[in-house]
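Numbering (the numbering used here), first residue to last: 11 to 397.
Where a beta carbon is used, it is the ideal one built from N, C-alpha and C, also for glycine.
This is the structure:
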């Protein structure tokens with residue numbers, strides 16, 4: 011994160027005595043990244059964070075690549091799905107993966123989690139396609155809504171409570187490395203620059219400390235190396251009276267991303283929103299089209315020799331694509347050219363603006379669809395450029 015946040019009660023000096031009303035010490039916990047070289051936060055617990063009551067049998071929780079799918083331009087027709095499973099974890103359908111990143115959908119029937127989740131494998135980015143609710147974590151309460159990117163650092167302990175009314179659809183991205191703001195948007199001390207398409211005012215950290223003091227049995231399901239490890243604690247992990255630092259979950263709305271435009275068609279890097287190890291995430295948002303007198307608003311054909319490109323279609327109509335619905339994915343593989351469907355280039359000439367929303371994932375290493383994705387494959391899509 012680019013800036014420091016402080017919430018609740020903390021001592022004036024870190025690693026010093028900080029006492030509870032009964033005279034006992036609050037339990038300090040350092041949550042740090044890259045050993046002691048990355049961003050970190052200090053948290054102050056009422057109870058010992060290591061107080062484990064029981065450890066249950068681990069539950070398998072992983073996905074397999076469908077390597078036999080081969081080299082094909084791919085459309086995953088996931089738009090018609092209403093629910094993908096019973097609860098927040100069982101409803102996760104990861105549809106593509108490599109060693110750096112996984113991407114999928116989640117539409118649980120149950121809107122409130124009766125357990126906590128900790129992802130010890132990587133950072134998460136959750137795009138709220140439909141729905142609204144509250145993320146509760148050690149760092150406090152964060153209200154989330156339609157259009158939000160919710161960035162959750164590795165090992166954050168959290169639960170979601172979503173509104174019972176209306177549809178709920180989440181796009182899930184899990185990263186092996188940290189998900190960060192874009193380096194070229196920051197100055198030497200981490201402040202977002204004037205030409206960045208968003209700034210610190212758009213980033214929403216937790217807004218309210220949330221303390222759960224009651225003792226009891228609290229299940230934390232911890233994702234690590236292909237399993238959900240079942241840890242039961244004697245108190246809630248949300249027993250934090252205060253914290254400060256640079257590591258915490260936050261939300262950034264796609265509606266607060268300010269597009270960069272030009273006289274001629276701009277390449278996808280102008281839409282970049284986040285960076286991570288081995289991939290980038292971009293946001294396509296409503297914007298004015300190119301204004302050169304001979305401009306062609308539709309994108310040109312492209313052979314991306316180093317990357318696979320994924321588009322998740324959120325809202326509006328993409329002029330360069332036919333037969334793509336809200337909630338669909340397209341995956342354009344490196345090694346094959348891709349571009350506008352026949353007829354869409356001429357049709358785009360003279361268009362002044364677009365009202366589309368989409369989330370783009372560009373990977374630097376080959377991406378595989380998973381066996382879970384096979385049922386959604388549009389078998390006609392690889393031939394859809396034939397007039």
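Check: Nearest to residue 194 by CA position, among 73, 243, 120, 284, is which residue?; Outcome: 284
Check: Quick one: complete beta strand (DSSP E) runs, 3+ long, within the region 326-367?; Outcome: 339-342
Check: Mapping the DSSP letters down to three states, classify residue 77 as helix, strand or coil.; Outcome: helix
Check: Assign residue 384 to one of three DSSP states: helix, strand, or coil.; Outcome: helix
Check: Should residue 389 go down as buried or exposed, given a rule of 16 or more other Cβ atoms within 10 Å for buried?; Outcome: exposed
Check: Please identify the residue among 335, 316, 129, 385 whose C-alpha is closest to the C-alpha of residue 373.; Outcome: 316
Check: Shortest alpha-carbon distance to residue 402 belongs to which of 270, 287, 286?; Outcome: A question about residue 402 goes unanswered here, because the residues of the chain that appear run from 11 up to 397.
Check: At a threshold of 7 angstroms, does residue 116 count as lining the ligand HEM (C-beta to nearest heavy atom)?; Outcome: The model depicted lacks the ligand HEM and carries no ligand whatsoever.
Check: Report back the beta-carbon spacing between residue 84 and residue 369 to the nearest angstrom; my notes put them in contact at under 8 angstroms.; Outcome: That belief does not hold up - the Cβ atoms of residue 84 and residue 369 are roughly 16 angstroms apart, past 8 angstroms.
Check: Would you give the residue range spanned by the beta strand (DSSP E) that residue 116 belongs to?; Outcome: 111-116
Check: What are the partner residues of residue 287, as DSSP defines its beta bridges?; Outcome: DSSP output for residue 287 lists no bridge partner at all.
Check: Going by other Cβ atoms of all chains shown within 10 Å of its Cβ, with 16 needed for buried, is residue 205 buried or exposed?; Outcome: exposed
Check: Nearest to residue 289 by alpha carbon, out of 126, 112, 94?; Outcome: 112
Check: Any idea what DSSP makes of residue 265, helix, strand or coil?; Outcome: helix
Check: Determine the extent of the beta strand (DSSP E) in which residue 171 is found, giving its start and end residues.; Outcome: 167-172
Check: Excluding the 5 residues flanking residue 77 on each side, which residues of the same chain have their C-beta closer than 7 angstroms to its C-beta?; Outcome: 378
Check: So what does DSSP say about residue 164, is it helix, strand or coil?; Outcome: coil
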